[in-house]
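Asks: If you scroll down you'll find the structure; I have some questions about it.
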Amino acid sequence: MTDQFAYSYPSPLEGYGDLEPLTDERNEDGKSLKNPDTGILSKAYEEFPDPVSKGRRGGFDVHIYHFQTNPDQVAYAKALHERIRREFPELRIYRFFDQPVGPHPVAMFEVNVFTPAQFGAFIPWLVINRGQLSALVHPNTDIEAGRSEGAEEERNHTQRATWLGDQIPLDLRLFKLWKEKERSQGEAGKRQGGEVVMNTVTYQISSPEVWNE
Ligand SMILES: [Zn+2]
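Right under this line is the structure:
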């Protein structure tokens with residue numbers, strides 16, 4: 001379970017303080033609430049919200065799991081991998097792993113999405129087409145200078161994780177080791193000015209993409 005108290009959560013109403021109170025007025029259906037018409041669409045339609053990465057890393061990873069000892073799941077996952085490559089060639093997709101890798105406790109393959117439009121197209125498609133397979137959707141975030149990259153990656157894989165299908169417990173040891181290594185290296189082990197200073201040798205954890213080597 002994620003430690004819900006490990007993080008702070010700014011109020012969702014930050015920046016919305018001095019507005020007319022909302023009313024209980026209903027739409028024509030008599031049930032749904034009438035909202036004030038601002039005429040402005042949320043920026044979230046155009047770009048992922050901060051601190052989700054807008055760069056080449058991809059704002060979200062989608063990890064699609066299968067039990068590698070279950071031949072039915074292996075066959076389905078391989079077919080799904082091929083279908084995604086054919087139907088969504090613009091997405092970035094990595095090779096098909098037949099073994100657990102990184103924090104992923106069973107075999108999987110990974111797809112990256114770069115825009116809200118891609119997310120909006122691919123995730124509903126996957127909800128319908130994932131079969132028995134579970135999928136983890138987790139953000140990649142830009143980390144402020146001086147912040148712990150290991151802690152941020154841990155958060156992205158736990159408190160910020162979203163699941164399609166049954167949740168599969170991740171092996172979080174990598175993140176613990178990552179944070180310990182950062183602590184032992186002090187500031188030099190942290191991201192500085194957007195550069196990844198720490199390159200973890202033993203654990204292949206410097207970035208999720210490394211797991212795909
Ligand atoms: Zn990932």
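Residue numbers for the sequence shown follow the UniProt record's numbering, so the first one is 1 and each next one is one higher. Backbone N, C-alpha and C define an ideal beta-carbon position, used for all residues, glycine too.
1) Return yes when the C-beta of residue 226 is under 7 angstroms from any heavy atom of ligand 1, and no when it is not.
2) Is the region 51 to 67 touching the region 104 to 111 in the sense that three or more CB pairs, one from each, lie closer than 8 angstroms?
3) Taking all protein chains shown into account, do 16 or more other C-beta atoms lie within 10 angstroms of the C-beta of Ala135, making it buried, or fewer, making it exposed?
4) Beta carbon of His138: closer than 7 angstroms to some heavy atom of ligand 1?
5) Assuming Leu170 contacts His157 (C-beta within less than 8 angstroms), just tell me the rounded distance between them.
6) Sort Gln185, Pro105, Ala75 and Ile123 by Cα distance to Ala163 and report the nearest one.
7) Can you tell me whether Val62 is buried or exposed, with buried defined as 16 or more other CB within 10 angstroms of its CB?
8) Please list the terminal residues of the continuous alpha helix (DSSP H) segment that includes Asn156.
9) State the DSSP-derived secondary structure class of Asp72, mapped to helix, strand or coil.
10) When the Cα of Gly165 is compared with those of Arg95, Pro100, Tyr65 and Glu153, which residue comes out closest?
11) Starting from Thr115, follow its DSSP beta bridges and name the residues at the other end.
12) Give every residue of the same chain whose Cβ lies closer than 6 angstroms to the Cβ of residue 214, excluding the five residues on either side of it in the sequence, and list them in chain order.
13) Curious, which full-length beta strand (DSSP E) runs of at least 3 residues does the region 79 to 149 contain?
14) Using DSSP with H/G/I as helix, E/B as strand and the rest coil, what is Arg183?
15) State yes or no: is the C-beta of Thr2 within less than 8 angstroms of the C-beta of Gln159?
16) Might you give, ordered along the chain, the residues of its own chain that have their beta carbon closer than 7 angstroms to the beta carbon of Gln99, omitting 5 neighbours on each side?
17) Taking the straight line between their C-alpha atoms, what separation do you get for Gln185 and Ser32?
18) Distance, Cα to Cα, Ser53 vs Ser11?
19) Does the Cβ of Glu25 lie closer than 7 angstroms to at least one heavy atom of ligand 1?
Replies: Per the coordinate set shown:
1) Here the chain covers residues 1 to 213 and nothing more, so residue 226 does not appear.
2) yes
3) buried
4) yes
5) 6 angstroms
6) Position check: residue 163 holds Trp in this sequence, whereas Ala was assumed. Nearest option by C-alpha distance: Ile123.
7) buried
8) Glu149 to His157
9) helix
10) Tyr65
11) Answer by DSSP bridge pairing: none, since Thr115 is not bridged.
12) An answer regarding residue 214 cannot be provided, because it is not within the stretch 1 to 213 covered by the chain.
13) 107 to 113 and 135 to 139
14) helix
15) yes
16) Gln68 and Ala107
17) 55 angstroms
18) 22 angstroms
19) no
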